[in-house]
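Using our numbering, the first residue of the sequence shown is number 24, and each one after it goes up by one.
Backbone N, C-alpha and C define an ideal beta-carbon position, used for all residues, glycine too.
Remember, predicted model here, so these are calculated numbers, not experimental data.
Here is the structure we will look at.
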Amino acid sequence: MTRTLLAAQPIQHARILGVGGVRGENVVVNDEIVGPINSSDEWIRQRTGIISRRRAKPETTVADMAEAAARAAMDQAGITGADVDAVIISTVTWWEQTPSLAAIVADRIGATPAAAYDISAACAGYAYGIAQADALVRAGTARHVVVIGVEKMSEFIDPTDRSISFLLGDGAGAAVVGPSDTPGIGRTVWGSDGSSAAMIGQTHSWLDYRNGNGDGEVEWPTLRQEGPSVYKWAVFQMTPVAKQAIEAAGLLPEDIDVFLPHQANMRIIDHMVKYLGLREDVVVGRDIAETGNTSAASIPLATERLLREGQAKSGDVALQIGFGAGLVYAAQVVVLP
Numbered sequence: 024m025t026r027t028l029l030a031a032q033p034i035q036h037a038r039i040l041g042v043g044g045v046r047g048e049n050v051v052v053n054d055e056i057v058g059p060i061n062s063s064d065e066w067i068r069q070r071t072g073i074i075s076r077r078r079a080k081p082e083t084t085v086a087d088m089a090e091a092a093a094r095a096a097m098d099q100a101g102i103t104g105a106d107v108d109a110v111i112i113s114t115v116t117w118w119e120q121t122p123s124l125a126a127i128v129a130d131r132i133g134a135t136p137a138a139a140y141d142i143s144a145a146c147a148g149y150a151y152g153i154a155q156a157d158a159l160v161r162a163g164t165a166r167h168v169v170v171i172g173v174e175k176m177s178e179f180i181d182p183t184d185r186s187i188s189f190l191l192g193d194g195a196g197a198a199v200v201g202p203s204d205t206p207g208i209g210r211t212v213w214g215s216d217g218s219s220a221a222m223i224g225q226t227h228s229w230l231d232y233r234n235g236n237g238d239g240e241v242e243w244p245t246l247r248q249e250g251p252s253v254y255k256w257a258v259f260q261m262t263p264v265a266k267q268a269i270e271a272a273g274l275l276p277e278d279i280d281v282f283l284p285h286q287a288n289m290r291i292i293d294h295m296v297k298y299l300g301l302r303e304d305v306v307v308g309r310d311i312a313e314t315g316n317t318s319a320a321s322i323p324l325a326t327e328r329l330l331r332e333g334q335a336k337s338g339d340v341a342l343q344i345g346f347g348a349g350l351v352y353a354a355q356v357v358v359l360p
């Protein structure tokens, strides 16, 4: 006798119901870090647009920041931990290979026994998480999903490195994705190019560090990038991806109210705005100026700032795109909560 599986009842649409964010407690201005890289406040501002970056206290963990951001997003969405069916966290700075950070945070926010898992997609991680949460909700697998991007980049910095150290900050941003009567998340355009993985990454592996520890030959792994190559890739290859995301949502560039790019570099952001052909009055996330590059946390933190300061509002149509180490990227159009 052949039996048919009971199919989950799909939900037609999903949207972001709330966002939240926390930044590292310490404000670190350019003058505090220019000595080791033989640079200046003027050079950093001109090259990156960064005035300061936020870095967490030594005792503050990624779990602490992730929990705080999740609670803020849940408060805005009007849900409790008991309403959460899944927790997805993107991070590359959680110290433990296992258990997942998501499982720890799910327990902290009272979401047990929600599904929980981590993803490693660096600066594209939040957009990756939104794509997965959208699919889970629309499939009927979950009703409410908490997506968190969190990084404590300051623990992986070589203060003398001129390629990336002065860019990085600490923080966490979160969103609650849930059911909607109308479309709230467009189709995600995403991908990867592992052939260019060497452009952004660690100076060497943890295995190299373990095997060389004690003989002075292998130092603590830190982050580095090939700045000029990354810049060209972001400007000239990620802008077409952003355009594809607009088309995938059935919209035109003039339909976009808010642009939320990964906060990698202000010059990259400016070039993308220009090449995308967005409206002159489009609101652009520029949280990098005061927070720095927080990798997976940068898009939700930029979103949180614009909503909190009243520059963007509920119902605005936003284009968001993340891109970084991997190389990986993801973009989608969303309706702001």
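Who are the near neighbours of residue i in its chain, counting only those whose CB is closer than 7 Å to its CB and skipping five residues on each side?
{"i": "Lys266", "result": "Leu299"}
{"i": "Ala154", "result": "Thr211, Trp213, Ala353 and Gln355"}
{"i": "Arg78", "result": "Gly47, Asn49, Val51, Ser177, Gly192 and Asp193"}
{"i": "Asp204", "result": "His36"}
With H, G and I counted as helix, E and B as strand and the rest as coil, what does DSSP make of residue i?
{"i": "Leu299", "result": "helix"}
{"i": "Gly235", "result": "helix"}
{"i": "Pro284", "result": "strand"}
{"i": "Asn53", "result": "helix"}
{"i": "Arg309", "result": "coil"}
{"i": "Gln368", "result": "Because the chain is modelled from 24 through 360, residue 368 falls outside the range shown and cannot be assessed."}
{"i": "Asp193", "result": "strand"}
{"i": "Gln334", "result": "coil"}
{"i": "Ala139", "result": "strand"}
{"i": "Pro202", "result": "strand"}
{"i": "Gln248", "result": "strand"}
Within 10 angstroms of the Cβ of residue i, are there 16 or more other Cβ atoms? Answer buried if so, exposed if not.
{"i": "Gln120", "result": "exposed"}
{"i": "Phe259", "result": "exposed"}
{"i": "Ser75", "result": "buried"}
{"i": "Thr262", "result": "buried"}
{"i": "Pro284", "result": "buried"}
{"i": "Trp243", "result": "exposed"}
{"i": "Lys80", "result": "exposed"}
{"i": "Ser123", "result": "buried"}
{"i": "Asn288", "result": "buried"}
{"i": "Lys175", "result": "buried"}
{"i": "Ser218", "result": "exposed"}
{"i": "Arg233", "result": "exposed"}
Between residue i and the rest of its own chain, which residues show a CB-CB distance below 8 Å, the 5 nearest in sequence each way excluded?
{"i": "Ala100", "result": "Leu40, Gly41, His167, Val199, Gly201 and Pro360"}
{"i": "Glu90", "result": "Val128, Arg131 and Ile132"}
{"i": "Arg290", "result": "Arg70, Thr71, Gly72 and Tyr254"}
Residue i and residue j look like a contact to me (Cβ under 8 Å); what is the Cβ gap, rounded to whole Å?
{"i": "Ala93", "j": "Val169", "result": "5 Å"}
{"i": "Thr245", "j": "Phe179", "result": "5 Å"}
{"i": "Ile329", "j": "Val351", "result": "The question names Ile, yet the displayed sequence has Leu at residue 329. Contact doesn't hold; Cβ gap of about 24 Å is too wide."}
{"i": "Ala145", "j": "Ala348", "result": "4 Å"}
{"i": "Ala150", "j": "Ile111", "result": "That belief does not hold up - the Cβ atoms of Ala150 and Ile111 are roughly 12 Å apart, past 8 Å."}
{"i": "Gly345", "j": "Ala197", "result": "The pair is not a contact, with the Cβ atoms about 15 Å apart (cut-off 8 Å)."}
{"i": "Leu342", "j": "Ala257", "result": "Going by Cβ atoms, the distance from Leu342 to Ala257 rounds to 15 Å, so no, they are not a contact pair."}
{"i": "Asp310", "j": "Ser321", "result": "7 Å"}
Just to confirm my understanding: we take residue i, look at its own chain, exclude 5 residues before and 5 after, and list those with CB closer than 6 Å. What are they?
{"i": "Val107", "result": "Ala134, Ala137, His167 and Val169"}
{"i": "Met222", "result": "Glu249, Ser252 and Val253"}
{"i": "Ser186", "result": "Arg247, Gln248 and Gly250"}
>> Using 8 Å as the cut-off, can you tell me whether the stretch 223-232 makes contact with the stretch 317-326, which would need three or more C-beta pairs spanning the two stretches below that distance?
In response: no
*Kindly confirm or deny that the stretch 304-320 and the stretch 226-235 touch, where touching means at least three C-beta pairs closer than 8 Å.*
no
Subject >> Any 3 or more C-beta pairs closer than 8 Å across the stretch 288-304 and the stretch 267-280 >> reply: yes
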